[in-house]
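Data block below; observations after.
Protein chains in written order, with the numbering used here: chain A, 1 to 204; chain B, 205 to 408.
Below, the structure is given as C-alpha cells:
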C-alpha cells in the first residue's frame, strides 16, 4: 500500500480512541478524532464549541433545531445556510476526510469515515468494542465518569453514535460486515490490539 | 492457554469452513463441522440424514414439524421423545460441544458453539464474513452452485443460520460484539486469515 487510511469505529469505553492514537504513533502517521472538528470549524468560521455539541449526532428535527438555535447561522457557506448544524458538520467532515485521505496516511476515529471512504481501496476499517462491564470500568477510570451513571452514559453515547452512523450511511452500526476487522478489546491489551492491526496491514 | 477452543461463525460463501479446517490443521488440533451431526446421530441412534436436514435450522412450528414428519421419532431418548428433531439435535450438539471442549483443543464451525461455550475462558470466538459479490463467486466456484441462484441460496442459508443463532442464543447473528475477532474474508487470503487468528491466539 502507498497511502493508506485506517478508520476506527468504537463503542464508548472500549478504548478505541486510545488504540487509534497508539496505532498512529507506532506507524508514524497522523491521527484524527476531535481534530476534525477544529478543521471543520476553521473552514466554516463556525465556533468549534457549536460543532462539538452536535459531533457524531444525527440531525435533529427542524423544530428541535430551531428551538436549540442550531439552525441557519447565515455563515459564509451560502449553499449550506439552510441546513441544521449537524448536517453542516457532517458535510464539512466528509469533505475534510476525503481531502486528508488524498494527502496522507492516517488513522481516523469515528465520524462514518469508513462509509465516507468506502470506495478507497487503501482504506482499512476497524471496529473496537467490549462488554458493558469492561466499558463501565474504563469509563470510570479513563473518563472520570461517576460509577452510578456510567452505564447510562455509555448506552446514551452509543445510541447517539449508532443513530449518526445509520442516518448518514444507511448501515447498522456494530454489524461486523461493515468493517474489515472487528476486535473485542476486553480480551486483549491495547498494545496487543495495535500489534494485531499492524499484522493485519502487513497481510493485506 | 492449556486446552483451547476456537469457534468460527461464518456467512455462507465466506470461506469460514475452509479457514477453520486450515487453522485446525496448522495448529494440529481437531476440526468439527458436520462431524458434530455424525456424533449426535451416533449418540441418539437417529438417522444422520434426518439430522442433516434440520442442521443449523431453528425449530419449526409444531404443525410444520408434524407435516414434515420431523416430530417424535420415539427413539431411545425418552426425555426428548416429544421434542422437534431440530431441538433434539441442538441439545445433543450442545452436550457434545461441551464434552469436546473438556477433552481437547479444537476448531468448531457454527452451531452456536460460541454461545454454548460462553463461560469457557479458553474459548476464542471468530466470525468470518464477506460482501455478497465475493460470496456469490465463492458459492459458484467452491459449492458448484448455479450463478443465477447463488444470491438466493446465500440469503436463504444465512437467514436460516441467523434464525438458528438468535433462537438458541437470544443474540443477533453477525453483530461484532458477540465475537472476539471478526474478519472480512473478501480482503485477505484464507492463509493470511489463518495466520492472523494464530497471531491473535499468541497475543491472548
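Each residue gets a CB set at the ideal place from its N, CA and C atoms; glycine is no exception.
Exposed or buried, what is residue 7(A) when buried is set at 16 or more other beta-carbons lying within 10 Å of its beta-carbon? Residue environment: residue 7(A) is assigned as buried (16 or more neighbouring CB atoms within 10 Å of its CB, all protein chains considered).
Residues near residue 367(B) by beta carbon distance below 7 angstroms, same chain, minus five either side: Correct list, in chain order: 262.
Taking C-alpha atoms, which residue in 407(B), 405(B), 393(B), 406(B) lies nearest to residue 202(A)? Considering only 407(B), 405(B), 393(B), 406(B), the residue with the shortest C-alpha distance to residue 202(A) is 393(B).
Given 8 angstroms, three or more beta-carbon pairs between the region 298-314 of chain B and the region 232-243 of chain B: The answer is yes - the region 232-243 of chain B touches the region 298-314 of chain B, with three or more Cβ pairs under 8 angstroms.
Answer with yes or no whether the minimum CB distance from residue 380(B) to chain A is below 8 angstroms. Yes - at least one Cβ of chain A is within 8 angstroms of the one on residue 380(B).
8 angstroms Cβ cutoff, residue 331(B) in contact with chain A: The beta carbon of residue 331(B) falls within 8 angstroms of a beta carbon belonging to chain A, placing the residue at that interface.
Are the CB atoms of residue 324(B) and residue 383(B) nearer to each other than 8 angstroms? No, these two residues do not count as a Cβ contact at 8 angstroms.
Note the first and the last residue of the continuous beta strand (DSSP E) segment covering residue 220(B). Counting along the chain, residue 220(B) falls outside any beta strand (DSSP E), though it belongs to the alpha helix (DSSP H) covering 220-231.
Identified DSSP bridge partners for residue 107(A): 6(A), 31(A).
Assign residue 321(B) to one of three DSSP states: helix, strand, or coil. The answer is coil: DSSP assigns residue 321(B) none of H, G, I, E or B.
With which residues is residue 333(B) paired in a DSSP beta bridge? The partner list for residue 333(B) (beta bridge, DSSP) reads 388(B).
Chain-ordered neighbours of residue 396(B) on chain A, where CB pairs are closer than 7 angstroms: What residue 396(B) touches in chain A: 203.
Would you check if the distance between the CB atom of residue 45(A) and the CB atom of residue 128(A) is smaller than 8 angstroms? Contact flag unset, no.
With residue 223(A) as the anchor, note down where its alpha helix (DSSP H) starts and where it stops. Outside the shown range of chain A (1 to 204) lies residue 223(A), about which nothing can therefore be said.
Can you find the residues in the same chain that come closer than 8 angstroms, C-beta to C-beta, to residue 96(A), ignoring five residues on each side of it along the sequence? If we look at residue 96(A) and ignore the five residues flanking it on each side, its Cβ neighbours are 36, 39, 40, 43.
What are the residues in the region 365-391 of chain B lying within 8 angstroms of chain A by C-beta distance? Only those residues of the region 365-391 of chain B whose C-beta falls short of 8 angstroms from the nearest C-beta of chain A are listed: 378, 379, 380, 381, 383, 384, 385, 386, 387, 388, 391.
Report the three-state DSSP secondary structure of residue 61(A) (helix, strand or coil). Low confidence applies to residue 61(A): its pLDDT is 49, below 50, so where it sits in the model is not reliable enough to give any reading.
With a threshold of 8 angstroms between beta carbons, is residue 265(B) in contact with chain A? The predicted model places residue 265(B) with a pLDDT of 49, which falls under 50 and marks its position as unreliable; any figure quoted below should be read in that light. Answer no: the Cβ-Cβ gap between residue 265(B) and chain A never drops below 8 angstroms.
Alpha helix (DSSP H) containing residue 404(B): first to last residue? Judged by DSSP secondary structure, residue 404(B) falls within the alpha helix (DSSP H) whose first and last residues are 394-407.
How about residue 231(B): is its C-beta nearer than 8 angstroms to some C-beta of chain A? Chain A, which has no Cβ nearer than 8 angstroms to the Cβ of residue 231(B), makes this no.
Bridge partners - residue 328(B), DSSP secondary structure assignment: In DSSP, residue 328(B) forms a bridge with 210(B).
Compute the Euclidean distance between the alpha carbons of residue 404(B) and residue 186(A), then round it to the nearest angstrom. Counting only the Cα atoms, residue 186(A) lies some 13 angstroms from residue 404(B).
For residue 399(B), which residues in chain A fall below 9 angstroms Cβ to Cβ? Correct list: 199, 203.
Could you name the residues of the same chain whose beta carbon sits closer than 7 angstroms to that of residue 54(A), not counting the 5 residues immediately before and after it, in chain order? Closer than 7 angstroms at the Cβ level, and outside the excluded window around residue 54(A), lie 70, 85, 86, 89.
What does the Cβ neighbour count give for residue 347(B), buried or exposed, with the cut at 16 atoms within 10 Å? Flag for residue 347(B) reads exposed.
Taking the alpha-carbon positions, what's the residue 175(A) to residue 207(B) distance? Rounded to whole angstroms, the separation of the alpha carbons of residue 207(B) and residue 175(A) is 30 angstroms.
Limits of the alpha helix (DSSP H) - the one that residue 178(A) falls within: For residue 178(A), there is no enclosing alpha helix (DSSP H), as DSSP marks it with neither H nor E.
In whole angstroms, what separates the C-alpha of residue 353(B) from that of residue 181(A)? Rounded to the nearest whole angstrom, the CA to CA distance from residue 353(B) to residue 181(A) is 29 angstroms.
Tell me where the alpha helix (DSSP H) around residue 259(B) begins and ends. First-last for residue 259(B): undefined, no H or E at that position.
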